[in-house]
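So the sequence shown is residues 4 to 196, counted in the numbering used here.
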Amino acid sequence: MVCKGFNKIQIHSSINQGASMMAMKASIANTLLGLKKAGSTSCLAPPTSGIGLASRSLPPSPCASRKSSLVGGLGISPELLEGAEPSVAAPLVAGDLDDGLMSRAKDTGKFLYKYVEPSERVEKINDMIGKLKTALDAETTSRLELSQSGENDSIKLIAQSDLRVQALSVLLLHYCAGLQHAQEALEKTKNEN
4 MVCKGFNKIQ
14 IHSSINQGAS
24 MMAMKASIAN
34 TLLGLKKAGS
44 TSCLAPPTSG
54 IGLASRSLPP
64 SPCASRKSSL
74 VGGLGISPEL
84 LEGAEPSVAA
94 PLVAGDLDDG
104 LMSRAKDTGK
114 FLYKYVEPSE
124 RVEKINDMIG
134 KLKTALDAET
144 TSRLELSQSG
154 ENDSIKLIAQ
164 SDLRVQALSV
174 LLLHYCAGLQ
184 HAQEALEKTK
194 NEN
């Protein structure tokens, strides 16, 4: 009799363990499904369905970002990186504003559009400087509005805006150094003629 009762307890315990294993497998499957959704190309937001499986450590969705039309690590428009030397553009795209970036920007400015005729080169660089000044003014205005808004998220957005201002300043230095070199080359060709 005791053996039969013991077997019933073992069987009942095994059924409970099996049910909890099934629940665990279902939970893991839901988590994996949620991770696949979060890694989709259309939106990186954590899944909203499920049993509270969304990670609280994930950043907010880029789908709802303030400047979704901008790309890059710091949100610099690709149009503003056009023509920039890779040693300057790559860190800006990656969001890596290291100490040597300003020096590299200044030193490599002389390579901007170097295979273009001197007068056209000056014109192209001037066009980019105009675009950079416009972008810098817009970012500065945006930062000012953020600082006056008093929103909870504004501190983080202000920090991001400050990084974009720094990145745009690096690009402006890069193009100004290039303009100086291009103008010197243009003067040299005029003096030779």
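Built from N, CA and C at the ideal position, the CB exists for glycine as well. Computed from a prediction, not measured in an experiment: that's the story for all the values here.
Spatially closest choice to residue i from the options, by CA coordinates
i, options, result
"ALA87", "ASN194, GLY181, SER150", "GLY181"
"TYR118", "GLU195, ASN196, ALA188, ASN194", "ALA188"
"MET105", "ALA185, GLU82, GLN169", "GLN169"
"SER150", "LEU139, TYR116, ALA162", "ALA162"
"THR111", "ILE132, LYS191, CYS179, GLU190", "CYS179"
"MET131", "LYS193, GLU190, ASN196, SER80", "SER80"
"ALA141", "SER164, LEU115, SER90", "SER164"
"ALA1", "ASN155, ASP102, LEU175", "Residue 1 lies beyond the stretch modelled for the chain, which goes from 4 to 196, so this question has no answer here."
"LEU115", "GLN183, THR192, GLU195", "GLN183"
"GLY78", "LEU160, GLU195, ASN196", "LEU160"
"PRO89", "HIS177, SER152, THR143, ASP102", "HIS177"
Boundaries (first-last residue) of the alpha helix (DSSP H) holding residue i
i, result
"ASN129", "121-152"
"LEU83", "81-84"
"GLY181", "157-195"
"LEU95", "89-97"
"LYS109", "104-111"
CB-CB length for residue i against residue j, believed under 8 Å
i, j, result
"LEU166", "LEU100", "7 Å"
Short CB-CB distance (under 8 Å) between residue i and chain B
i, result
"GLY133", "Absence of chain B from the displayed structure is noted, only one protein chain being present."
* Asked: Below 8 Å, can you find three or more Cβ-Cβ pairs linking the stretch 95-111 to the stretch 120-128?
  -> no
* **the stretch 80-97 in contact with the stretch 158-173 per 3-pair CB rule at 8 Å** => yes
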